[in-house]
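Undergrad: What follows is a structure written as structure tokens; I'll ask about it next.
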Amino acid sequence: MKLIFEKSQKGRRAGTLPAHGVQVPEIPEELRRREPPRLPELAEPEIVRHFTALADRTFGVDTGFYPLGSCTMKHNPRVNERVVALPGFRDLHPLQEEDAAQGALELMWRLQEILAEVCGLDAVSLQPAAGSQGELTGLMLMRAYFADRGEAEKRTTVITADTAHGTNPASVTMAGFQLQKVETDARGNLDLDDLRAKVNEETAGLMLTNPSTLGLFDEHIEEVAEIFHEAGALLYYDGANLNAVCGISRPGDMGFDIVHINLHKTFSQPHGGGGPGGGPVVVRGILEPFLPVPAVVREDDGFRLDYDRPKSIGKVRGFTGPFGVFVRSYAFIRAYGPALRRMSEVAVLNANYLLARLKGPYDLPFERLCMHEFVLSARNLKRDHGVTALDVAKRLMDYGFHPPTIYFPLIVPEALMIEPTETEPKETLDAFCDAMLRIAEEAASDPKILKDAPHNRPVRRLDEVKAAKRGIVKYGFEQHPNLSGQRSEGAAVEAQKGA
Amino acid sequence: MGYLSLTDADQEAMLAEIGVASIDELFHDIPAAVRFNRELNLEPALSEPDLVAHLEELAGRNVDTGRELSFLGAGIYDHYVPAIVDAILARGEFLTAYTPYQPEMSQGILQAIFEYQTVICELTGMDVSNASGYDGTTVAADACFVAKHVTGRSRVVLAETLNPQVRQVVKTYAPGFGLEVVEVPHHGGVTDPDELRQAAKDAACVIFQQPNFFGCLEPAPDLAAAANDAEALAVAHVDPVSLGVLEAPGRYGCSIAIGEGQGAGNYQSYGGPHYGFIAARSDFIRRMPGRIVGETTDVAGERGYVLTLQTREQHIRREKATSNITTNQTLLALAGLAHLSWLGPQGLRELGETCMGLAEYAKERLGLPLLFPEQTTFKEFAVRVGRPAQEAIRAARDQGVHPGYALKRDYAGMEDALLVCVTEKRSPADIDRLAEALK
Amino acid sequence: MAAEESYPEDVKYHHEHDWMRVDGDTATVGITWYAQDALGEIVHFEPPEEGASVAAGESYGEVESVKAVSDLISPLSGEVAEVNKAVVEEPEKVNEDPYGEGWLIRIRLSDPSEADGLLDAAAYRKLLEEQ
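Residue numbers (the numbering used here), protein chains in the order written: chain A, 1380 to 1878; chain B, 184 to 622; chain C, 4 to 134.
Next comes the structure, spelled out in structure tokens:
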């Protein structure tokens, strides 16, 4: 398919602007744009067709089953899109005076109250822009907490599990801590002996996902919390897997002091092809003074933004956070009410049903019931037939499914990480299992069909080595013929070498 | 609950297949002491019509820019969002897809990001753009992290005319990065290149904004040269809407260009979600944060797109990654791509000229003393209203006009200063109303 | 074209899968066949500065495939005398000829006797079998 720049024709345009008849002032010569940016030049019909064609070449939850483990690809209710587009939300300037933004402030305050209840903790900041920023904010809170206690120099390390998302160690570094890893035991829990050996007076805290990225609830979570709290350290809960436990078990009750929530996972902000997200942090009262400013607070006569927080870590993002995400998540939660528990129950039921049907033909590294997701291994297929997790993933596309997450977590070889979410009907779960079981048979009978997959997507398997070596990360205008459409796309690609 | 599909019969059959008698048994691994044994204390569920009514009531208590004639800017702008943006973003495939880990399933999103990267490079005159960052503040922190690693230096210099929120976010991130932050004051609304050159000595980078927070045009090429003289990276924070009329940072010596993308394609939305952009010279491609899409071919030789140079990222390099960012802001960046495609080069220039012309008209029409009369401005300018700015705002709002942003919130000695913003959505007649309301 | 598996006798091995060939007071360093095979096609070599000092057992640079990054461990201490610029340009040379054209750096050794602590081909093969 052509790039939008290859459809561009000089002199075409879509947009029209009001003619206000005002005089344009002179821009100093050295500040004036010399060459115009080569933006696409198309009339509206072709722009619409271009993006429609791109949408057609994209698979979303609306298209079909998307069991991408750790990403919680649930249905995104359309009423949320309707309410977020209400002019009172959509066209509200973030610097509008507080008396003229009471509805927005109340919505945020209500969402804070809900998230505190779901987490079993005391105070919330909605500001972080995504889960990874929520993590970093959580670590900054740890730093500020220990600095306030005069322990900043001493508390230098943060412990993560070897199953952790890559963001955990990356956030540890960005927050200025040293990383220490703890191992997973044979049942998929944190190895308590390893943990005891590593936690000491230099430990600032633990970062843990529970249930873990293996989809397993840590059976010793009380002991884990005790080990850290006895050492004067804090526990941070990565909320990536909160979808498993809403109304069933609360991070605060497990002993965690800081939680980040992925609003785009558990509370259904659409993933948008990779964002936006939302990563509120929820904390125990002792950490409230350090939360980002401004805080959204309720007073007798309404709601306001409080900037007067002298111990605050500061701001991690502009204004009060990704407000549109809050509107959608708030609407999502209000549609459930206390039945939010049912959401998590069904997510866990769906995952266990898939697990029950798929174990055997695929290796199950940890023989336990799972929570909202589980990890299989294709190592048996690799050993017996030379077929990899990647091959299984690509073949699933031929059956019309988005593949699961693969090769993560790192401690499971040939990992297939499957998360169905609560919104899938049994028929879809069955069709997916049928396809997975068929693929396991094909691995034995016709491995080539897996190796060559996918067969019916817009492209076949793509050469990632070539992409990394050539580093073509933008369109090469210099080689682009002025009249597009005359030249084969293959030739155009070669011509861009070095662009 | 209309978002769930399982019937009682489904549930029975599934529990039987799993080999458990009840849903509760599935949670067997959760220690009893940490189970939650009461109902969540949440308000009762709302039906869809009730939900809409409730949110309409909340929305109705906000005064949006359709209800009040607004001249607020200061980083978030009421530019016109074309109808095609709404139409494109409503496509469920874009809305409900995730990061394109499996390229064969996501060629549309990948190509859109590649096109977005191209557009950002064209606007900024840079070689490489990532797939977008969170917003215009966090990309500044990203730029500091890049600069620290590239130069091995541990001080960053911020012009005081850089958006205060951007400076605050950099200051929040700096301790974790091991960076010290220095600010350079303005003189008459702009930054002095010589003063900046002094401050840039031994600095990792210098960040200035063009047009700056006061709306003034900085002597940007001189500022970039000052940074380069000190071998600090020159980083320009730019408004995409200005780049049809103002020179691209890549053409005056900057190493990195960053900015808030909101004005291109996103609604104000009380501050987010929006997108930030970060683009750099090709030398820094391996230090860029976040996702980058690259072009390649499939096994049959067809052109296609993949996430590339992923070894920079957290899921591979973990604690040594160039950033902890996982997602970007694809949907908002897609809106930017659509808006900029709708404008085209000619439209973008006209948009910039229209904003500048209207702002100039407003300066004359208001007849108030300018804070920085010497400077050329883009779509914002600062005036003195002769009384506390908050008072002037209150009085104007009583007449249905929001006249702008009170600068004293961020700058000492600006008690009576108002930052007025004019976009293409305001007409000369609207500006006449503003003049009336500020009398 | 990837090379056939081999562990030449004329080089010494470090257990982190690096090799070195000593010639007087300089040594040529690279990664073993096993290491390049485990990584897959190498797409990037991040070399040290010429003149930088390196310490035995410490990282002096990185090689990357599409999905993995590997620290390069110097078997011996000294100063970087030369970087193989051909590999910087064409990193796949490491896959094609890991002990020849795919060498990575030359080190001017500060203590040539450190080489005594390294593995010979037989010992390295044994190490691989045990993994």
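Ideal Cβ positions, reconstructed from N, Cα and C, are used throughout, including at glycine.
Considering only residues of the same chain and omitting the five flanking positions on each side of residue 433 of chain B, which have a CB-CB separation below 6 Å?
TA: What you label residue 433 of chain B is simply residue 250 of the second sequence in a count that begins at 1. 307, 308, 309, listed in sequence order.
Undergrad: Using 10 angstroms around the beta-carbon of residue 1665 of chain A, count the other beta-carbons present and answer buried if the total reaches 16, otherwise exposed.
TA: On the first sequence, residue 1665 of chain A is found 286 positions in, with the first residue counted as 1. By the neighbour-count rule (16 or more Cβ atoms within 10 Å), residue 1665 of chain A is not buried but exposed.
Undergrad: For residue 1859 of chain A, which three-state DSSP category applies?
TA: Start at 1 with the first residue of the first sequence, and residue 1859 of chain A comes out as number 480. With a pLDDT of only 46 at residue 1859 of chain A, under the threshold of 50, the placement of this residue in the model should not be trusted, and no figure is reported.
Undergrad: So which residues of chain A does residue 61 of chain C contact, with C-beta pairs closer than 7 Å?
TA: Residue 61 of chain C sits at position 58 when you count from the first residue of the third sequence. Going along chain A, no residue has its Cβ under 7 Å from residue 61 of chain C, so there is no contact; the nearest lies around 18 Å.
Undergrad: Taking the C-alpha atoms as reference points, what is the distance between residue 1800 of chain A and residue 1647 of chain A?
TA: In the first sequence, the residue the question calls residue 1800 of chain A occupies position 421. In the first sequence, the residue the question calls residue 1647 of chain A occupies position 268. When rounded, the distance between both Cα atoms is 11 Å.
Undergrad: What's the call for residue 1655 of chain A, buried or exposed, on a 16-neighbour Cβ count within 10 Å?
TA: Looking up residue 1655 of chain A in the first sequence gives position 276. The residue is buried, with at least 16 neighbouring Cβ atoms inside 10 Å.
Undergrad: Here's a check: name, in chain order, each residue in its chain whose Cβ is nearer than 7 Å to the Cβ of residue 1822 of chain A, leaving out the five neighbours to either side.
TA: Reading the first sequence from its first residue, position 443 is the one you call residue 1822 of chain A. Counting only Cβ-Cβ distances below 7 Å, and skipping sequence neighbours, we find 1760, 1764, 1766, 1829.
Undergrad: If I measure Cβ to Cβ from residue 64 of chain C and keep anything under 6 Å in the same chain, skipping five residues before and after, which residues do I get?
TA: Numbered from its first residue, the third sequence carries residue 64 of chain C at position 61. Excluding residues within five positions, the ones whose Cβ falls inside 6 Å are 49, 50, 51, 75.
Undergrad: Any idea if residue 202 of chain B is buried or exposed, counting beta-carbon neighbours within 10 angstroms, 16 or more meaning buried?
TA: Residue mapping note: residue 202 of chain B aligns to position 19 of the second sequence, counting from 1. Burial call: exposed.
Undergrad: Closest to residue 1806 of chain A by CA distance: which of A:1463, A:1443, A:1684 is it?
TA: For the purposes of this step, residue 1806 of chain A is taken as the residue at position 427 of the first sequence. Measuring from the Cα of residue 1806 of chain A, the nearest candidate turns out to be A:1443.
Undergrad: Assuming residue 342 of chain B and residue 374 of chain B are in contact, meaning their beta carbons sit under 8 Å apart, how far apart are those beta carbons, in whole angstroms?
TA: As a first step, residue 342 of chain B is located in the second sequence; it is residue number 159 there, counting from the start. As a first step, residue 374 of chain B is located in the second sequence; it is residue number 191 there, counting from the start. Residue 342 of chain B to residue 374 of chain B, Cβ: 5 Å. Contact.
Undergrad: Got a sec, what are the start and stop residues for the alpha helix (DSSP H) residue 290 of chain B sits in?
TA: Locating residue 290 of chain B in the second sequence gives position 107, where the first residue counts as 1. From DSSP, the alpha helix (DSSP H) with residue 290 of chain B extends over 290 to 307.
Undergrad: Per DSSP, what kind of secondary structure is residue 209 of chain B in: helix, strand or coil?
TA: Position 26 of the second sequence, counting from 1, holds the residue named residue 209 of chain B. Helix.
Undergrad: Can you pull the chain B neighbours of residue 70 of chain C, defined as C-beta to C-beta under 9 Å?
TA: Taking the first residue of the third sequence as 1, we reach residue 70 of chain C at position 67. Under the 9 Å cutoff, chain B gives 493, 494, 499.
Undergrad: For chain B, check one thing: does any of its Cβ atoms lie closer than 8 Å to the Cβ of residue 1830 of chain A?
TA: Position 451 of the first sequence, counted from the first residue, corresponds to residue 1830 of chain A. Not an interface residue.
Undergrad: State the Cα-Cα distance for the pair residue 1738 of chain A and residue 1597 of chain A, rounded to the nearest angstrom.
TA: As a working mapping, residue 1738 of chain A is identified with position 359 in the first sequence. As a working mapping, residue 1597 of chain A is identified with position 218 in the first sequence. Roughly 21 Å separates the two Cα atoms.
Undergrad: State yes or no: is the beta carbon of residue 1843 of chain A nearer than 8 Å to at least one beta carbon in chain C?
TA: Locating residue 1843 of chain A in the first sequence gives position 464, counting from the first residue. Output row for residue 1843 of chain A: interface = yes.
Undergrad: Please list the partners that residue 274 of chain B has in chain A, where partner means a Cβ-to-Cβ separation under 7 Å.
TA: Counting from 1 along the second sequence, the entry for residue 274 of chain B is found at position 91. By Cβ distance, chain A contributes 1434.
Undergrad: Note down, in chain order, every chain B residue with its Cβ under 7 Å from the Cβ of residue 92 of chain C.
TA: Residue 92 of chain C sits at position 89 when you count from the first residue of the third sequence. Neighbours of residue 92 of chain C on chain B: none; closest Cβ ~15 Å, over 7 Å.
Undergrad: Assign residue 1618 of chain A to one of three DSSP states: helix, strand, or coil.
TA: Translated into positions along the first sequence, residue 1618 of chain A becomes position 239. Note: residue 1618 of chain A maps to strand in three-state DSSP.
Undergrad: Note down, one range per segment and in chain order, each beta strand (DSSP E) of at least 3 residues found wholly within the region 1611 to 1690 of chain A.
TA: The qualifying runs are 1613 to 1618, 1637 to 1640, 1660 to 1662, 1674 to 1678, 1681 to 1685.
Undergrad: Quickly, what does DSSP pair residue 388 of chain B with across the bridge? List them, please.
TA: The count along the second sequence starts at 1 and reaches residue 388 of chain B at position 205. Its beta-bridge partners are B:339, B:416.
Undergrad: Taking contact to mean 3 or more Cβ pairs, one atom from each stretch, closer than 8 Å, check whether the region 1508 to 1519 of chain A and the region 1682 to 1695 of chain A are in contact.
TA: These segments touch.
Undergrad: Taking 8 Å as the cut-off, does the region 343 to 363 of chain B touch the region 327 to 335 of chain B (at least 3 CB pairs, one atom from each stretch)?
TA: Contact holds: three or more Cβ-Cβ distances are below 8 Å.
Undergrad: DSSP three-state label for residue 63 of chain C, please.
TA: On the third sequence, position 60 is the one that residue 63 of chain C refers to. Residue 63 of chain C: strand per DSSP, three-state reduction.
Undergrad: Quick check on residue 380 of chain B: buried or exposed, where buried means 16 or more other Cβ atoms within 10 Å of its Cβ?
TA: As a working mapping, residue 380 of chain B is identified with position 197 in the second sequence. The residue is buried, with at least 16 neighbouring Cβ atoms inside 10 Å.
Undergrad: Under 7 Å Cβ to Cβ from residue 1870 of chain A, same chain only, skipping five residues before and after it: list those, please.
TA: Stepping through the first sequence from its first residue, residue 1870 of chain A is reached at position 491. With a pLDDT of 34 at residue 1870 of chain A, under the threshold of 50, the modelled position of this residue cannot be trusted; read the value that follows with caution. Excluding positions up to five away in sequence, the list is empty.
Undergrad: Is it buried or exposed for residue 361 of chain B, if we count other Cβ within 10 angstroms and need 16 for buried?
TA: For the purposes of this step, residue 361 of chain B is taken as residue 178 along the second sequence, with counting starting at 1. Counting Cβ neighbours within 10 Å, residue 361 of chain B comes out exposed, since fewer than 16 surround it.
Undergrad: Measuring only between beta-carbons, confirm whether residue 1848 of chain A sits less than 8 Å from chain C.
TA: In the first sequence, residue 1848 of chain A corresponds to position 469, counting from 1. Judged by the 8 Å Cβ criterion, residue 1848 of chain A is in contact with chain C.
Undergrad: Tell me which residues share the same chain as residue 1649 of chain A and place their Cβ nearer than 7 Å to its Cβ, disregarding the 5 neighbours each side in the sequence.
TA: Here residue 1649 of chain A is taken as the residue at index 270 of the first sequence, counted from 1. 1455.
Undergrad: Between the region 312 to 341 of chain B and chain A, which residues of the former have CB atoms less than 8 Å from a CB of the latter, in chain order?
TA: If the cut-off is 8 Å between Cβ atoms, the region 312 to 341 of chain B has 312, 314, 315, 317, 318, 319, 320, 321, 328 near chain A.
Undergrad: How far does the beta strand (DSSP E) with residue 22 of chain C in it extend, from its first residue to its last?
TA: Counting from one through the third sequence, the residue named residue 22 of chain C turns up at place 19. Counting along the chain, the beta strand (DSSP E) containing residue 22 of chain C begins and ends at 21 to 26.
Undergrad: Any chance you could list the alpha helix (DSSP H) runs of at least 4 consecutive residues sitting entirely within the region 333 to 379 of chain B, in chain order?
TA: Counting only runs of 4 or more, we get 347 to 360.
Undergrad: Is the distance from the Cβ of residue 1808 of chain A to the Cβ of residue 1731 of chain A below 8 Å?
TA: Along the first sequence, read from residue 1 onward, the residue named residue 1808 of chain A stands at position 429. Along the first sequence, read from residue 1 onward, the residue named residue 1731 of chain A stands at position 352. No, they are not a contact pair.
Undergrad: Short check: CB of residue 1505 of chain A to CB of residue 1486 of chain A, under 8 Å?
TA: The residue labelled residue 1505 of chain A in the question sits at position 126 within the first sequence. The residue labelled residue 1486 of chain A in the question sits at position 107 within the first sequence. No. Outside cutoff.
Undergrad: Look at the Cβ atom of residue 1611 of chain A, then the Cβ atom of residue 513 of chain B, and state whether they are nearer than 8 Å.
TA: Here residue 1611 of chain A refers to the residue found at position 232 when the first sequence is read from its first residue. Here residue 513 of chain B refers to the residue found at position 330 when the second sequence is read from its first residue. Not in contact: residue 1611 of chain A and residue 513 of chain B (Cβ atoms no closer than 8 Å).
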